[in-house]
Amino acid sequence: DGGPFIYMGFRPAFFMVKKTSGTNNWLMFDNKRQGFNKDGAGGNDELQADTYGIEASSERCDFLSNGVKIRNDGGWANTDDGTYIWAAFAESPLANSSGVPNNAR
Numbered sequence: 014d015g016g017p018f019i020y021m022g023f024r025p026a027f028f029m030v031k032k033t034s035g036t037n038n039w040l041m042f043d044n045k046r047q048g049f050n051k052d053g054a055g056g057n058d059e060l061q062a063d064t065y066g067i068e069a070s071s072e073r074c075d076f077l078s079n080g081v082k083i084r085n086d087g088g089w090a091n092t093d094d095g096t097y098i099w100a101a102f103a104e105s106p107l108a109n110s111s112g113v114p115n116n117a118r
């Protein structure tokens, strides 16, 4: 299914990505809005941080237990010669401040 897996070491709640070697938009994905890890279709609907555009479903990624899987082969996050910047925030860290692992959900 499409593109690369981005290992983060945690389950993301929010993911933002931009191709810096092109003119692509800043794309944002989260686990709260409708469309989160859609059954069968794969992927979350995106918002574009730098436009007035509405929510879209043209770009796809799934939030996994330890990172993000890009679900299509668009240039926004899946080109051989591309340079990308991304940020993600965890749903819950793998361990608390004392090093004790979190409970599974």
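Heads up: the sequence shown is residues 14 to 118, going by my numbering. C-beta: ideal position from N, C-alpha, C; glycine also.
In the three-state reduction of the DSSP assignment, G80 falls in the strand class, which pools E and B. As computed with DSSP, D43 is found in a beta bridge with F27. In the structure shown, the three-state DSSP call for I67 is coil. Between G95 and the set K31, S78, P25, A103, the nearest pair of CA atoms involves K31. Taking F102 as the centre and dropping the five residues before and after it, the same chain places the C-beta of A26, F27 closer than 6 Å to its C-beta, in chain order. With a beta-carbon spacing of about 5 Å, I83 and N91 fall inside the 8 Å limit used to define contacts.
In this chain, the beta strand (DSSP E) harbouring W99 covers 97-103. If you ignore the 5 residues before and after C74, its C-beta comes within less than 7 Å of the C-beta of F28, F42, G56, N57, V81, K82, I83, R84, all in its own chain and listed in chain order.
In the structure shown, the three-state DSSP call for E72 is coil. By the 16-neighbour rule on beta-carbons within 10 angstroms, F18 is exposed.
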